[in-house]
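One structure below.
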Amino acid sequence: MKALTLALLLSLPVPQLAPQKPLRQPSAPVTKHVKGGRWYFAASGHAVYCYGPVMTVPRANGELEKVATFCRDGRAVVPLKD
774 MKALTLALLL
784 SLPVPQLAPQ
794 KPLRQPSAPV
804 TKHVKGGRWY
814 FAASGHAVYC
824 YGPVMTVPRA
834 NGELEKVATF
844 CRDGRAVVPL
854 KD
């Protein structure tokens, strides 16, 4: 009987003596973007909202193309309609 009582006592959870560390919160949520974006007209004919600067980049054939960067739909570079 003593063995059964001892087994039951040892199976009980023991409370933590040290205070628990608070859960870490991410510094910025993934879905939150920097304010100050702007709407642009993409070459595909759609409006896109982008946060980064407009840049002129060379295309594969050597021509220059204006692109908006860091857009809300997740794309890093979106070609713009002139």
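Residues are numbered in this note's numbering as their position in the sequence shown, beginning at 1, plus a constant of 773. Note that CB positions come from ideal geometry on N, CA and C, so glycine has one too.
In chain order, which beta strand (DSSP E) runs of at least 3 residues are fully inside the segment 791-849?
With a minimum length of 3 residues, the continuous beta strand (DSSP E) runs that stay inside the segment 791-849 are 811-814, 820-823, 827-831, 837-842.
Environment of V827 [buried if 16+ CB atoms lie within 10 Å]:
Looking at its Cβ environment, which holds fewer than 16 other Cβ atoms inside 10 Å, V827 is exposed.
Measure the alpha-carbon distance for Y813 versus L796 and round it to whole angstroms.
Looking at the two C-alpha atoms, the distance is approximately 40 Å.
Distance between Y822 and D846 (C-alpha atoms, nearest Å)
If you draw a straight line from the Cα of D846 to the Cα of Y822, it is about 8 Å long.
Assigned secondary structure, L853 (DSSP; H/G/I helix, E/B strand, else coil)
Three-state DSSP puts L853 in a strand.
If the criterion is Cβ atoms closer than 9 Å, does the pair E838 and L853 meet it?
Yes.
Which of helix, strand or coil does DSSP assign to L782?
L782 falls in the helix class under three-state DSSP.
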